[in-house]
Amino acid sequence: MNEAGAWTDERVELLKKLWSDGLSASQIAAELGNVTRNAVIGKVHRLGLSGRAKSAAAPATPRNAAPRKAPARAPSHPMNNAAGATRGTHALAPHFATQPEADIEAEQAPRPSEDVVIPFSERVTIMELREYMCRWPMGDPTTPEFRFCGARSQTGMPYCSHHARIAYQPAADRRRDRSKVRA
DNA sequence: CCCTGATTCGC
DNA sequence: GCGAATCAGG
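In the working numbering, the protein residues as written are 1 to 183.
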């Protein structure tokens, strides 16, 4: 039996198709299965593919053909200098405090349904969905166009700040008499 | 933080 | 030939 990670003609063909289609290496790797994105990239270059179609689904790096300047991998020097440690540095910016939201129940507006304006940051597919991304469903789950919000979510928060507010709406007593609260 | 592709080199 | 490790950039 063929190994899962073997580059069969069909796999290569699919690789070419997806690569030309504009999918990123990681997405192609996920689609193929049992292969890492490095494997895909390596194969792509080995096949002579590159540059594919610009303006793709995830054109993170629009530029083509790297100027090739980095020695890549330094066998002599493991990593004692700042060569591989500089990336770890990160400046701590004034983070936005989590909205305390004390008591806000002035919902005198009935709001027929949901007129909530969703700031479509970047919808993502199930594949692109990461653990730290907002899982707010968008569209019908039965359609292939189903996506998730994908915005940044705080730690322990399945949704972004905006959707979290919607998901965690108070009891359900919106316009009802909420003066009576069951103990 | 995450992501992307490019490159090198040991296997 | 293959791909992990690494690099470099967004």
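Idealized CB from N, CA, C, for every residue including glycine.
All figures in this text were calculated on a predicted structure; none of them were measured in a lab.
Alpha-carbon to alpha-carbon, residue j and residue i
| i | j | result |
| --- | --- | --- |
| residue 137 | residue 30 | 21 Å |
| residue 35 | residue 12 | 12 Å |
| residue 167 | residue 7 | 45 Å |
| residue 25 | residue 161 | 30 Å |
| residue 164 | residue 48 | 46 Å |
| residue 9 | residue 23 | 19 Å |
| residue 133 | residue 45 | 31 Å |
| residue 85 | residue 38 | With a pLDDT of 39 at residue 85, under the threshold of 50, the predicted position of this residue should be treated as unreliable, though the coordinate-derived value follows. Going from the Cα of residue 85 to the Cα of residue 38 covers about 22 Å. |
| residue 125 | residue 17 | 19 Å |
| residue 139 | residue 157 | 21 Å |
| residue 33 | residue 27 | 10 Å |
| residue 151 | residue 19 | 26 Å |
Of the residues the options, the one placed nearest residue i, counting alpha carbons only
| i | options | result |
| --- | --- | --- |
| residue 149 | 129, 140, 15 and 165 | 129 |
| residue 21 | 50, 39 and 42 | 50 |
Buried or exposed (CB count within 10 angstroms, at least 16 for buried), residue i
| i | result |
| --- | --- |
| residue 77 | In this prediction, residue 77 has a pLDDT of 43, which is less than 50 and means its spatial position is unreliable; what the coordinates show is noted afterwards. Flag for residue 77 reads exposed. |
| residue 4 | exposed |
| residue 147 | buried |
| residue 43 | buried |
Residue i: CB within 7 Å of a non-hydrogen atom of the ligand GTP
| i | result |
| --- | --- |
| residue 30 | Absence of the ligand GTP is noted for the structure shown, with no ligands found whatsoever. |
Rounded Cβ spacing between residue i and residue j (contact assumed at less than 8 Å)
| i | j | result |
| --- | --- | --- |
| residue 40 | residue 14 | Going by Cβ atoms, the distance from residue 40 to residue 14 rounds to 11 Å, so no, they are not a contact pair. |
| residue 159 | residue 135 | 6 Å |
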